[in-house]
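To start, the structure itself, in structure tokens.
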Amino acid sequence: MTINNDVLRERISLLGSFLGDAISRQTGEETLNTIETLRKGFIQQRRAPNDTNKQQLIDFIASLDNRTLKNVIRSFSIYFFLANLSEENYLREQRHALRMQSDQSWEGSFRRTLLECRERNIEPTQMQELIEQLKFIPVFTAHPTEARRRTTMNLLQSLFTHSDALNNLAEGSFAYQQAKEKTAQTIDLLWSSDEVRTRKPLVYDEINNGLHYFNASLFNAIPKVYRNIKDAIVDIYPELTDYPLPAFMSFGSWIGGDRDGNPFVTHDTTEMAVLMHADTVLRHYQVLLKKLRRELIHSDTIINIAPDVYARIKEYANLDQKVFYYNPDDYNNEPYRRLLSIILAKIKATNRHIQSKGTDLDAAHDAYANPQELLEDLRIIRKSVNTHDKAHGEGLLLDTIRLVKTCGFHLAALDIRQESSYHSEVIADIFANASNLPDYQTLGETERQEWLTRLLAKPGTPLIYTDNLTDKTREQLALMNSVATLRKLVGQDTFGSYVISMTNNASQLLEVLLLMRFAGLCRVDDAGQLSADLPVAPLFETIEDLKNIDKILPSVLDNPLYRGLLAHSDNTQEIMLGYSDSSKDGGIITSAWQLYSAQQTINRIAAEYGIKTRLFHGRGGSVSRGGGSTHNAIAAQPAGTLHGEIKVTEQGEVLYAKYANTDTAVFELTMGITGTLKACSTRFVVQPPELPNYEALFARLADAGEQSYRTLTDHTEGFYQFYSQVTPVQEISLLNIGSRPAHRNKGLPSKTTLRAIPWVFGWSLARFTLPAWYGVGSALHSVKEDEALMREMNSCWPFFNVFISNIEMAFTKSEMSIAQAYSQLCEDKGLREKIMQAVIDEHHLTFSGLNSLLNQTSLLAHQQSLAASLQWRNAYLDPINYIQIELLKRARQKDATDNDDDLAVEDPLIRSINALAAGLRNTG
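If you read the sequence shown in this note's numbering, its first letter stands for residue 62, the second for the next number, and so on.
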């Protein structure tokens, strides 16, 4: 797609003028003049750099009080909201225009992808097989890089609608003037409402925010995705016109289930999340059923209706009497409406039953036992409708069926995640309270596996004969019991996987299975076969753990009891790969290489043991945490590592960027699905003939990059003191964007105590973006003699091409002049100069290395639209960065003087973090 930046700038300028009017009216002309002085001054500074003028702007910022700085920051923050919205809307229009041209489509669209399948001689039966095995599972997580309040998101959603109308109406028309007024009014509300939370969010708030996207876009987007792929199939594979699409898409969530490092997530929180999920989806079904009842008004005095419809009404005779007690003859000749009314009553009863946690017996009597019963009722209606009114049979009714197949009563499968050592402590406590069991903590790995296997093989539910358990153990057992209860209440798909973070031994999988036994979630049948209701998924996230997969996986797969368990789980082992911690640990290149190698290792082991695997990619928003185009990232996976299924986390600001609006959600889901489809077909994923040479060179790059990265982050004394002083990492905890603490321990952060997200967030805000590129320059220059081969790799190897493309984009967001200004916050001059010299040298190497590899003289020379977008953003980011530096000085001076009376500086400081996140977009 070609982007006309002049049109886009014109639209942004119009919304910006409305913002200026709102500021002038509500805050005064003086505030607007201050904002304009900084805006114009930094734009001019970008066009014609001048040290004297820049210092005058910095001095001007220093002269402003906190309240004025707050207003200045808010203006730039909201401006970025408006710019992002305009960009999103413009791209949506471009896609729509392509869709209207039947011979045109964009890369990753269903039409383009299926045409490519035809061109690659993928036959209809093969295409059907590909779709049958397809499973795309986005998993929502609550990681703290999304700083927007839900109120702000709702306003922006309204603004998206109004501005869309503004862009597509004749200027000067009455409708245009109305759209203009509504747009201006909404921007007025944006300015007068607070875009930053005034309190730290509870887990409840995070669950609610995740659910927001279903109501805002996904409930509409999901049926559209199915409809779009069906239309493309009918057009390009007419042989499959009558093929009923399977539910190849489902959703997961960690919000309320991820307890790793978050003390606020308990078994009660998990229960709350499940009930909120069910309430959200069942309420939406009620909306759809009411719409269907208004649509399917067919009378049996006019047309013939299938006997099955009447039979189902008769089957529900008791409920039918309750529903129509006020008038037994209502809808007597409109059987669809009568049956839909009964279905509606059953859905309401189902929700009451679930929300009462099974205590409402009247509701239980009328409730659906599972989503299949609801689907059966809807299919009876559809089958009949299709005999006389195919348009309505294939319309909202089919959309509703597809939505129920996708979301069930659970909406999104809640994964449970906990750190491996937590389970070991709990098991040790249980062993310590059983006189016939050894001291678990003194056992070696082999002995642990033997004891755990022995206990797992015993029939019956294990019992605990003591009250002398730690709080940690009680909580873990309560969680397992809650999971078992909620599965029975809501459905078998209520929970996804039990993810074990920091997995480094096979015994850690067996520990979780044993804990499941106490709640009946894991059992042994009469034949001695083990089965579990939740798959146990090891999460490999450090460089060392990724390297040890070839030891850990065979160790557990060699266990006959565990192999028997997989046989009960479609012979599939889910494995999660962590991008964040591996990148923080060893740098971006070695992280990419170890993740690539890990997938090949997993594939080889799976083939040796005759099992299937489902890979779960723990990607973040920033490139250093696996971010970038989902379509390209999935399609570029190592050949043969995807077998139709993929899970991928959607984190932080990525959720808003992808799912704030229906059309964008349709686009993003489509891109993920087509990427998965391509990655699963050998016609798309073909290994380059020179792949062994490519891999050998990438391994050399990874070694050189890791050495450079570790020299800085592991072997430079005072590095984490520098990091904590020059970035806002300490202040990030002030920003009310997540319930989980940013640090594992208090005190000076280190690589082991600092979580991966604030690690990336801090460097991004200070414009270093260091985790996304540091070590790349040294690596590229270490193999300079093989640059011709690297250029060939970039042309012929999708994995390398996507990697370099993402690095280039992230590197372009680094600004050494801004980073230098932040570095002045480091109090130790010698330390500052030493580290900045290393950073600047590596920056120069990366700049020259990327441009040489890509045969260009400027960054993003081959991506002009992206370059233009980043370029105009920089002039608006600069004032926020310099304001933040001033505020960090003020905040730290206040701390140093121990003056707790004036808290005003925290307010604009928090807002500066929020504003930079909006401008940079993928910060964490």
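C-beta: ideal position from N, C-alpha, C; glycine also.
Only a predicted model underlies this, so the values are computations on that prediction, with no experimental measurement involved.
- prompt: Starting from Met-637 and walking both ways along the beta strand (DSSP E), at which residues does that stretch end?
  reply: Taken as a continuous stretch (DSSP letters only), the beta strand (DSSP E) holding Met-637 covers 633-639.
message: Using CA atoms only, rank isn't needed, just tell me which of Glu-511, Thr-244, Gly-521 is closest to Ser-987.
response: Because the chain in this structure spans residues 62 to 985, residue 987 falls outside the shown range and cannot be described.
message: Ile-793 and Gly-733 - do their beta-carbons sit closer together than 8 angstroms?
response: Going by C-beta atoms, Gly-733 is not nearer than 8 angstroms to Ile-793.
- request: Tell me the start and end of each unbroken alpha helix (DSSP H) in the stretch 435-519 that is at least 4 residues and wholly inside, in chain order.
  value: 451-454, 457-468, 481-493, 506-517, all fully within the stretch 435-519.
- prompt: Near Thr-362, what residues of its chain come up, given a Cβ to Cβ distance below 8 angstroms and the 5 sequence neighbours on each side ignored?
  reply: Here the set comprises Asn-394.
message: Going by beta-carbon coordinates alone, are Arg-179 and Ile-297 separated by less than 8 angstroms?
response: Result yes, Cβ atoms of Arg-179 and Ile-297 sit closer than 8 angstroms.
- prompt: How should Val-326 be labelled, buried or exposed, when 16 other C-beta atoms within 10 angstroms of its C-beta is the threshold for buried?
  reply: Counting Cβ neighbours within 10 Å, Val-326 comes out buried, since at least 16 surround it.
query: Ordered along the chain, which non-local residues of its own chain (more than five positions away) have a Cβ less than 6 angstroms from that of Ala-425?
result: Excluding sequence neighbours, Ala-425 sits near His-414.
- prompt: Is any heavy atom in the ligand MG found nearer than 7 angstroms to the beta carbon of Asp-490?
  reply: The model depicted lacks the ligand MG and carries no ligand whatsoever.
8 angstroms contact criterion, which Leu-227 and Ala-240 should meet: CB distance rounded: Confirmed, Cβ separation roughly 4 angstroms.
message: I need the straight-line Cα distance from Phe-829 to Leu-595, nearest angstrom please.
response: Roughly 42 angstroms separates the two Cα atoms.
Boundaries (first-last residue) of the alpha helix (DSSP H) holding Arg-771: Unbroken alpha helix (DSSP H) run through Arg-771: 752-774.
task: With DSSP collapsed to three states, give me the class of Lys-845.
output: Helix.
message: Just verifying my parser: in three-state terms, what is the DSSP assignment at Gly-733?
response: If DSSP states are grouped into helix, strand and coil, Gly-733 belongs with the helices.
task: With Ile-663 as the anchor, note down where its alpha helix (DSSP H) starts and where it stops.
output: Looking at the DSSP string, the run of the alpha helix (DSSP H) that includes Ile-663 is 649-670.
field: 8 angstroms contact criterion, which Leu-517 and Leu-574 should meet: CB distance rounded
entry: Their Cβ separation, rounded to whole angstroms, is 6 angstroms, which keeps Leu-517 and Leu-574 in contact under 8 angstroms.
query: Taking the C-alpha atoms as reference points, what is the distance between Phe-171 and Leu-915?
result: If you take the alpha carbons of Phe-171 and Leu-915, they lie about 30 angstroms apart.
query: What residue does the alpha helix (DSSP H) around Ala-308 start on, and which one ends it?
result: Neither: Ala-308 is in no alpha helix (DSSP H) and is coded neither H nor E.
- request: Mark Ala-109 as exposed unless 16 or more other C-beta atoms lie within 10 angstroms of its C-beta, in which case mark it buried.
  value: Counting of Cβ neighbours within 10 angstroms places Ala-109 among the exposed residues, the total staying below 16.
message: Excluding the 5 residues flanking Leu-230 on each side, which residues of the same chain have their C-beta closer than 8 angstroms to its C-beta?
response: So the list reads Ala-236, Tyr-237, Ala-240, once near-sequence residues are dropped.
query: Residues in its own chain within less than 7 angstroms of Tyr-670 by CB, not counting five upstream and five downstream?
result: Result list for Tyr-670: Leu-618, in chain order.
message: Can you tell me where the alpha helix (DSSP H) holding Gln-189 begins and where it ends?
response: Here the alpha helix (DSSP H) through Gln-189 covers 185-194.
Alpha-carbon spacing of Tyr-387 relative to Asp-381, whole angstroms: Approximately 11 angstroms, taken between the alpha carbons.
- prompt: Out of Arg-953, Leu-99, Met-854, Lys-549, which has the shortest C-alpha to C-alpha gap to Val-335?
  reply: Here the closest residue by C-alpha is Lys-549.
task: Would you mind sorting Leu-263 into buried or exposed? The rule is 16 or more other CB atoms within 10 Å of its CB.
output: By the neighbour-count rule (16 or more Cβ atoms within 10 Å), Leu-263 is not buried but exposed.
message: In this structure, how does DSSP classify Arg-260 when only helix, strand and coil are distinguished?
response: Taken through DSSP and simplified to helix, strand or coil, Arg-260 comes out as coil.
field: Option in Ala-922, Thr-814, Leu-439, Gln-433 with minimal Cα separation from Arg-398
entry: That would be Leu-439, whose Cα lies nearest to the Cα of Arg-398.
field: Element boundaries [alpha helix (DSSP H), containing Leu-152]
entry: Counting along the chain, Leu-152 sits inside the alpha helix (DSSP H) bounded by residues 127-161.
query: What number of angstroms, rounded off, separates the C-alpha of Tyr-526 from the C-alpha of Arg-982?
result: Distance between the alpha carbons of Tyr-526 and Arg-982 is about 54 angstroms.
Buried versus exposed, by CB contacts within 10 Å (16 or more), Gln-786: Around the C-beta of Gln-786, 16 or more other C-beta atoms lie within 10 Å, and the residue is accordingly described as buried.
query: Where does the unbroken beta strand (DSSP E) through Tyr-559 begin, and where does it stop?
result: First-last of the beta strand (DSSP E) with Tyr-559: 556-562.
- prompt: What distance in whole Å lies between the Cβ atoms of Pro-284 and Arg-153, which are believed to be in contact at a cut-off of 8 angstroms?
  reply: Not confirmed; about 18 angstroms, so no contact.
message: Based on DSSP bridge pairs, tell me the residues matched to His-678.
response: According to DSSP, residue pairing for His-678 in a beta bridge involves Leu-638, Val-709.
- prompt: Can at least three beta-carbon pairs, one atom from the stretch 535-555 and one from the stretch 498-514, be found at a separation below 8 angstroms?
  reply: Note that the stretch 535-555 does not touch the stretch 498-514; fewer than 3 beta-carbon pairs, one per stretch, sit closer than 8 angstroms.
Under the three-state DSSP convention, the category Ile-198 falls into: Strand.
message: Rounded to the nearest angstrom, what separates Glu-486 and Lys-533 at their Cα positions?
response: Taking the straight line from one Cα to the other gives about 8 angstroms.
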